[in-house]
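Participant: Chains as they are written, first to last, in this note's numbering: chain A, 47 to 334; chain B, 1200 to 1509.
A virtual CB, placed ideally from N, CA and C, is assigned to each residue, including glycine.
(1) Based on the DSSP secondary-structure assignment, which residues constitute the bridge partners of residue 1263/B?
(2) Within 8 Å, do at least three Cβ pairs link the segment 1261-1274 of chain B to the segment 1493-1500 of chain B?
(3) If you draw a straight line from the C-alpha of residue 206/A to the C-alpha of residue 233/A, how long is it?
(4) Secondary structure at residue 1506/B, three-state DSSP: helix, strand or coil?
(5) Who are the near neighbours of residue 171/A in its chain, counting only those whose CB is closer than 7 Å to its CB and skipping five residues on each side?
(6) Residue 197/A and residue 130/A: beta carbons closer than 9 Å?
(7) Counting along the chain, where does the alpha helix (DSSP H) carrying residue 1390/B start and finish?
(8) Compare the C-beta of residue 47/A against all C-beta atoms of chain B and say whether one is closer than 9 Å.
(9) From the beta carbon of residue 1259/B, is the nearest beta carbon of chain A less than 9 Å away?
(10) Using 10 angstroms around the beta-carbon of residue 1214/B, count the other beta-carbons present and answer buried if the total reaches 16, otherwise exposed.
(11) Measure the beta-carbon distance from residue 1321/B to residue 1393/B and round it to whole angstroms, keeping in mind my assumption that it falls under 8 Å.
(12) Quick one: give me the first and last residue of the alpha helix (DSSP H) that residue 125/A is part of.
(13) On the criterion of 16 or more Cβ atoms from any shown chain inside 10 Å, does residue 250/A qualify as buried, or is it exposed?
(14) Taking only the alpha-carbon atoms, compute the straight-line gap between residue 1445/B and residue 1290/B and give it to the nearest angstrom.
(15) Pairing CB atoms from the segment 1279-1299 of chain B with CB atoms from the segment 1371-1386 of chain B, are three or more of them under 8 Å?
(16) Within 10 angstroms of its Cβ, does residue 217/A collect 16 or more other Cβ (buried), or is it exposed?
(17) Is residue 1318/B close to chain A? Criterion is C-beta to C-beta, closer than 9 Å.
(18) Under 7 Å Cβ-Cβ, which residues of chain A neighbour residue 1226/B?
(19) So, do the segment 1227-1239 of chain B and the segment 144-156 of chain A have three or more beta carbon pairs nearer to each other than 8 Å?
(20) For residue 50/A, name the three-state secondary structure that DSSP assigns.
(21) Listed in chain order, which residues of the segment 1430-1441 of chain B have Cβ atoms closer than 8 Å to some Cβ of chain A?
(22) Closer than 7 Å between beta carbons: that is the criterion. Which residues of the segment 1467-1482 of chain B meet it against chain A?
(23) For residue 362/A and residue 75/A, what's the separation of their Cα atoms in angstroms?
(24) Check the C-beta distance from residue 1489/B over to residue 1443/B and give it rounded, since I have them as a contact under 8 Å.
(25) Is residue 1306/B close to chain A? Criterion is C-beta to C-beta, closer than 9 Å.
(26) CB-CB under 8 Å to residue 248/A, same chain, minus the five flanking residues each way: which ones, in chain order?
(27) Taking C-beta to C-beta, are residue 1460/B and residue 1279/B nearer than 9 Å?
(28) Using a Cβ-Cβ cutoff of less than 6 Å, which residues in the same chain neighbour residue 291/A once the five nearest sequence positions on both sides are dropped?
(29) Using a cut-off of 9 Å between C-beta atoms, extract the partners of residue 309/A located in chain B.
(30) In chain order, which alpha helix (DSSP H) runs of at least 4 residues are fully inside the segment 1311-1343 of chain B?
(31) Using the rule of at least 16 other Cβ atoms within 10 Å of the residue's Cβ for burial, across every protein chain shown, is residue 1203/B buried or exposed?
(32) Alpha carbon to alpha carbon, how far is residue 104/A from residue 220/A? Give it in angstroms, no decimals.
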């Protein structure tokens, strides 16, 4: 048994390992392309952006694009760049935290209990994932207006709490990775439902929470907020950056810097989250 | 059964239901915050849209009930809709299954890697999704003039004599949309597979080894796949909704409307009527039909996944 614990699984062939590595490298190049392109484009001087034949890698890197970008952003109008930055960071943080707690609380009871209406509610969530967003915009706006939420941060934050994808993922995850006996054992020991949720369920679904966090940050960070918000000082960062890109060919450099700039935060969160996803041991130690 | 008898039975059932509800009080409390927000901002708009599909609604005037007229027009009088259905089915039939299987295979292969480089590998494969609208670079790659990367290299290496109008020639447009859509398909499903693979208990693999599982393929079939069932169901729903909802890629790369409607999808059609012609009722009918197709497709796939590993 000792051999098994020593890192390498014994039922793996060397040839297979090499094959896996080759497949991953070939396809990896294909999928990594946009990232490589975006990073290079952001540092290209204007003449290199339009060079013929086109070159992927930057020859003489420069930070001019970034200084152009920030110059343009600060000149843009009454609303400063830092305000847009604050708006986006605030909405993304609050929305993501709320989403994780509210969606996982709902997912927990849907995964582990059968109560009147639970199956119907869950199928409504999966079905909501499939309805095309474009036609729901008008009714969505009317509801938002009736509640008096237009022109507030809440118009972006509150709907983010109930993104159907998060609940669906969480429910599937809790269902498959947390054994019922574990919850029963905690209850026999006298734990209340809230205690079970906070100190047993949440720590054990860490990979799902981190994945949910990535989805939520991506959705909120890239939201320009222009559907429900028309006061300029409350709009989000993507709106400010879109106006730069709309400036035509002369702004190509600044626009490619803006693309990279928008990617920094999701990218950092992504790497942070992914390197924290490790094996959870929900069922180890339980013998049925 | 007499009426009185029947009534008392109903009453008893209602009583039990009420008891059941009361017993699960905490469950409802846990669900409540989500349920309120979800009903208000996700369910209500969908229901209103479905109601709109039975009306003539031009956004400016109040909606006028016209029964099934929108649906009748859709099927009998709209040739472009039929073109878009054909394109969407073609895109969904290829990008849905291929993208889904690809997402699983790459997640599984990455999971085979040593832990230290896993995070980087995931990042590389998820890059198209995380970089927002970076898929726009495909319009530079497939640009019709000699400045396009693809044309430029193909001409240089002698595969082509002249640059090809990849994005405006109806012969190639749909293929390119499919390629880019496949490239974008490692999204939510892929990440959920990565997370799911981490929860399969190591002792199951050890037990499998002791029981004589010889290679990684057997391990995949007998241990990994059955354990991943619920994540696979999630991935399937995401794959269906992504592949049937293809629109942005087509609109941004091939133009809107595209040449001869060769890359026109159902959602493109819906946007055309909803946002440009102000026929929201008609657009809602398109959305409802698409939704029904996706719903049936999902039912079918979930049933197939239930049988996995048995």
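Facilitator: On the basis of the data shown:
(1) As a first step, residue 1263/B must be located in the second chain, where it is residue number 64. Answer by DSSP bridge pairing, in chain order: 1255/B.
(2) Touching, no, given that fewer than three Cβ pairs across the two stretches are closer than 8 Å.
(3) Residue numbering aside, residue 206/A sits at position 160 when the first chain is read from its first letter. Residue numbering aside, residue 233/A sits at position 187 when the first chain is read from its first letter. Rounded to whole angstroms, the separation of the alpha carbons of residue 233/A and residue 206/A is 32 Å.
(4) For the purposes of this step, residue 1506/B is taken as residue 307 along the second chain, with counting starting at 1. Correct three-state label for residue 1506/B: coil.
(5) As a working note, residue 171/A is residue 125 in the first chain. 210, 213, 214.
(6) The count along the first chain starts at 1 and reaches residue 197/A at position 151. The count along the first chain starts at 1 and reaches residue 130/A at position 84. Against a cut-off of 9 Å, the Cβ pair of residue 130/A and residue 197/A comes out as no contact.
(7) Taking the second chain and counting its residues from 1, one reaches residue 1390/B at position 191. That run of the alpha helix (DSSP H) goes 1387-1396.
(8) Counting from 1 along the first chain, the entry for residue 47/A is found at position 1. Caution is warranted here: a pLDDT of 37 is assigned to residue 47/A, below 50, making its placement in the model unreliable, and the coordinate value is therefore given only provisionally. Closer than 9 Å to some Cβ of chain B, the Cβ of residue 47/A qualifies, so yes.
(9) Counting from one through the second chain, the residue named residue 1259/B turns up at place 60. The Cβ of residue 1259/B sits no closer than 9 Å to any Cβ of chain A.
(10) Counted from its first residue, the second chain places residue 1214/B at position 15. Residue 1214/B should be labelled exposed.
(11) The residue given as residue 1321/B occupies position 122 in the second chain. The residue given as residue 1393/B occupies position 194 in the second chain. Indeed they touch by this definition, with Cβ atoms about 6 Å apart.
(12) By 1-based counting over the first chain, the position of residue 125/A is 79. For residue 125/A, there is no enclosing alpha helix (DSSP H), since its DSSP letter is neither H nor E.
(13) As a working note, residue 250/A is residue 204 in the first chain. Its Cβ being crowded by 16 or more others within 10 Å, residue 250/A is buried.
(14) Residue 1445/B sits at position 246 when you count from the first residue of the second chain. Residue 1290/B sits at position 91 when you count from the first residue of the second chain. Here the alpha carbon of residue 1445/B sits roughly 8 Å from the alpha carbon of residue 1290/B.
(15) A contact exists between the segment 1279-1299 of chain B and the segment 1371-1386 of chain B.
(16) Within the first chain, residue 217/A is the residue found at index 171, counting from 1. Answer is buried; the Cβ neighbour count reaches 16.
(17) The residue labelled residue 1318/B in the question sits at position 119 within the second chain. So yes, residue 1318/B belongs to the interface.
(18) Against the second chain, residue 1226/B aligns to sequence position 27. For residue 1226/B, the chain A residues whose Cβ falls inside 7 Å of its Cβ are 155, 159, 161, in order along the chain.
(19) With the cut-off at 8 Å, the segment 1227-1239 of chain B and the segment 144-156 of chain A touch.
(20) Reading the first chain from its first residue, position 4 is the one you call residue 50/A. Residue confidence for residue 50/A is low, a pLDDT of 43 falling below 50, so the modelled location carries little weight and cannot support an answer.
(21) Within the segment 1430-1441 of chain B, the qualifying residues are 1430, 1432, 1433, 1436, 1437, 1439, 1440.
(22) Using a CB distance below 7 Å, the part of the segment 1467-1482 of chain B facing chain A consists of 1469, 1470, 1473, 1479, 1482, ordered along the chain.
(23) Because residue 362/A is not part of the residues shown, which for chain A are 47 to 334, the question remains open.
(24) Working through the second chain from its first residue, we reach residue 1489/B at position 290. Working through the second chain from its first residue, we reach residue 1443/B at position 244. 6 Å between Cβ atoms; contact.
(25) On the second chain, position 107 is the one that residue 1306/B refers to. Residue contact with chain A for residue 1306/B: absent (no Cβ-Cβ distance below 9 Å to any residue of chain A).
(26) The residue given as residue 248/A occupies position 202 in the first chain. Cβ within range, chain order: 150, 255.
(27) Counting from 1 along the second chain, the entry for residue 1460/B is found at position 261. Counting from 1 along the second chain, the entry for residue 1279/B is found at position 80. A contact, by the Cβ cut-off of 9 Å.
(28) As a first step, residue 291/A is located in the first chain; it is residue number 245 there, counting from the start. Same-chain partners within the cutoff: 301.
(29) In the first chain, the residue the question calls residue 309/A occupies position 263. Ordered by position in chain B, the residues that pass the 9 Å Cβ test against residue 309/A are 1329, 1330, 1331, 1333.
(30) With a minimum length of 4 residues, the continuous alpha helix (DSSP H) runs that stay inside the segment 1311-1343 of chain B are 1314-1329, 1336-1340.
(31) For this step, residue 1203/B is matched to residue 4 along the second chain. So residue 1203/B counts as exposed.
(32) As a first step, residue 220/A is located in the first chain; it is residue number 174 there, counting from the start. As a first step, residue 104/A is located in the first chain; it is residue number 58 there, counting from the start. Straight-line Cα distance between these residues: approximately 46 Å.
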